[in-house]
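Data block below; observations after.
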DNA sequence: GATCAAGGAATTTTCGAAAATTTTATAAAT
DNA sequence: ATTTATAAAATTTTCGAAAATTCCTTGATC
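Protein chains in written order, with this note's numbering: chain A, 61 to 299; chain B, 61 to 299.
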């Protein structure tokens, strides 16, 4: 008898479910930087007891999405311009390396995954449109998946994990500081064009051009966000 | 009144204490790869209830020191030659970058920290000696601190965190696969000389030479460990 | 008015037991 | 003999309450 059943979805624990939801809410900015994560709040928000909640917090603390302060509970990690610059700088280097390695090591299946991810991305409403939260979340997911697909041929789980974590933190900065246009900071068509070009040069194995493109793709958003820090700082101070 | 009291040691939670102990035991190999981390075992070993224990496990899972499998509990993360090579490869790049940045950004205080860390390291018994577990642990700590001090001038917390995590995982490989000589794989005096040279070139701000030295320093251990994987694989299979 | 102490409320952390799930053992059926 | 089903045991996960800690208010003192 053939044994090619679907890979059974491991029954997930409640702690992991809360972790996923909370990570999503921190990424989106729904849980604001500095916000105290009280047990009551979390219990009602995620409909769960304190044990799963605290496990989720512990994991998020290890990933620096939240901070744990002695016996005074947890807070959403603060954001700062210094942290942002660090993230951008190290992400630039790791992503460039991962792109190179992907181009070297990627196989047909990798190419197919890029094409598929690009297709899914184009099927969402383009950035700039007003999206409801669910649509926005879905678009973010597809955007993430596309960019990770580009890197996924690199055959280094560690490198991939680091890129994923850095990207997640930067997504938070983008969505908090540039909340208008969900994904990026330019014209929707232009951005789709950039994604298409990225796909093309990756599959053509043109590493130099890929790094050029990703650099430009990132830089626009980078500058916009940088420019909004002042406004953000005063809006926070006003509270 | 002057207010330069000692920075108050935040009262730490039991969960964090268990986390520290467990991380130490995984690093040292006391908790072997693949070992099931049953609640009873952990409760007695670390003298704590299940809640702090599970929080510690959640954090360690986020750092990939343990794996969580659905509702079947936690295990110490497995080791593999592929994972080892990945770790070495990415660590090489990140450490080189951090050394460069340290040389660019490091100030007098950074230099002083290196000198201090080197001094502390020389005051432990050299590698090769038979040490009891407490002494071994102390030597490992000082060795870590020295190498991290070299990088600590880089002014990028993210880069530093990644280096720390990679080093921790590699320490585990070294101590499991090369348990005889605690720190490294060569003559004690030779290794102390290497550390001294590293210190010197860093303070002299010779980035190229620093990267050369660290490369050689790492490579010796790397090759020894690589050579012991076969023996390890069969010793595990024999169980 | 400012500082400090004490008491009480709010909150975090931890424990112990209940609930849910997985694993193991046993027996029946093909 | 191998599988299948069932029950018991072991284990993980979750809940709810107790213990510990922090925070805030109030009032006394200087």
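Ideal Cβ placement from N, Cα and C applies to all residues, glycine included.
What number of angstroms, rounded off, separates the C-alpha of residue i from the C-alpha of residue j?
i, j, result
"residue 289 of chain B", "residue 142 of chain B", "11 Å"
"residue 191 of chain A", "residue 238 of chain A", "14 Å"
"residue 291 of chain A", "residue 270 of chain B", "42 Å"
"residue 242 of chain A", "residue 108 of chain A", "With a pLDDT of only 47 at residue 242 of chain A, under the threshold of 50, the placement of this residue in the model should not be trusted; the figure read from the coordinates follows. If you take the alpha carbons of residue 242 of chain A and residue 108 of chain A, they lie about 30 Å apart."
"residue 96 of chain B", "residue 148 of chain B", "26 Å"
"residue 285 of chain B", "residue 233 of chain B", "8 Å"
"residue 153 of chain B", "residue 175 of chain B", "24 Å"
"residue 90 of chain B", "residue 81 of chain B", "11 Å"
"residue 113 of chain A", "residue 115 of chain B", "10 Å"
"residue 283 of chain B", "residue 268 of chain B", "22 Å"
"residue 94 of chain A", "residue 298 of chain A", "14 Å"
"residue 105 of chain A", "residue 98 of chain A", "11 Å"
"residue 139 of chain B", "residue 83 of chain A", "28 Å"
"residue 128 of chain B", "residue 223 of chain A", "22 Å"
"residue 132 of chain B", "residue 70 of chain B", "34 Å"
"residue 213 of chain A", "residue 254 of chain B", "37 Å"
"residue 201 of chain A", "residue 193 of chain A", "12 Å"
"residue 272 of chain B", "residue 203 of chain B", "19 Å"
Just to make sure I have the definition right: I need the residues of chain A whose C-beta is within less than 9 Å of the C-beta of residue i. Which are they?
i, result
"residue 146 of chain B", "215, 216, 217, 218, 219"
Taking C-beta pairs closer than 9 Å, name the residues in chain B that residue i reaches, listed in chain order.
i, result
"residue 70 of chain A", "129, 130, 131, 132"
"residue 162 of chain A", "Result: empty, since nearest Cβ-Cβ is about 14 Å, beyond 9 Å."
"residue 73 of chain A", "128, 130, 131"
Shorter than 8 Å from the beta carbon of residue i to some beta carbon of chain A?
i, result
"residue 222 of chain B", "yes"
"residue 156 of chain B", "no"
"residue 257 of chain B", "no"
"residue 122 of chain B", "yes"
"residue 295 of chain B", "no"
"residue 184 of chain B", "no"
"residue 78 of chain B", "no"
"residue 291 of chain B", "no"
Just to make sure I have the definition right: I need the residues of chain A whose C-beta is within less than 7 Å of the C-beta of residue i. Which are they?
i, result
"residue 115 of chain B", "114, 115, 118"
"residue 153 of chain B", "157"
So residue i and residue j are supposed to be a Cβ contact under 8 Å. How far apart are they, rounded?
i, j, result
"residue 72 of chain A", "residue 130 of chain B", "7 Å"
"residue 87 of chain A", "residue 228 of chain A", "6 Å"
"residue 262 of chain B", "residue 162 of chain B", "7 Å"
"residue 324 of chain A", "residue 218 of chain B", "This structure leaves residue 324 of chain A out entirely; chain A is present only between 61 and 299."
Thinking just about the alpha-carbon of each residue, which of the options is nearest to the one in residue i?
i, options, result
"residue 144 of chain B", "B/230, B/267, B/273", "B/230"
"residue 155 of chain B", "B/98, B/225, B/101, B/96", "B/225"
"residue 160 of chain B", "B/251, B/211, B/260, B/128", "B/211"
"residue 165 of chain A", "A/275, A/196, A/264", "A/264"
"residue 146 of chain B", "A/182, A/151, A/158, A/152", "A/158"
"residue 295 of chain A", "A/277, A/274, A/236, A/153", "A/236"
"residue 135 of chain A", "A/111, A/168, A/101, A/162", "A/101"
"residue 199 of chain B", "B/223, B/216, B/179", "B/179"
"residue 75 of chain B", "A/103, A/118, A/78", "A/118"
"residue 206 of chain A", "A/182, A/167, A/215", "A/182"
"residue 103 of chain A", "A/79, A/122, A/92, A/121", "A/79"
"residue 221 of chain B", "A/184, A/276, A/84, A/122", "A/122"
"residue 184 of chain B", "B/111, B/279, B/266, B/251", "B/251"
"residue 92 of chain B", "B/126, B/196, B/215", "B/126"
"residue 169 of chain A", "A/277, A/215, A/197, A/110", "A/215"
Is residue i close to chain B, meaning its C-beta is less than 8 Å from at least one C-beta of that chain?
i, result
"residue 150 of chain A", "yes"
"residue 108 of chain A", "no"
For residue i, which residues in chain A fall below 8 Å Cβ to Cβ?
i, result
"residue 111 of chain B", "111, 114"
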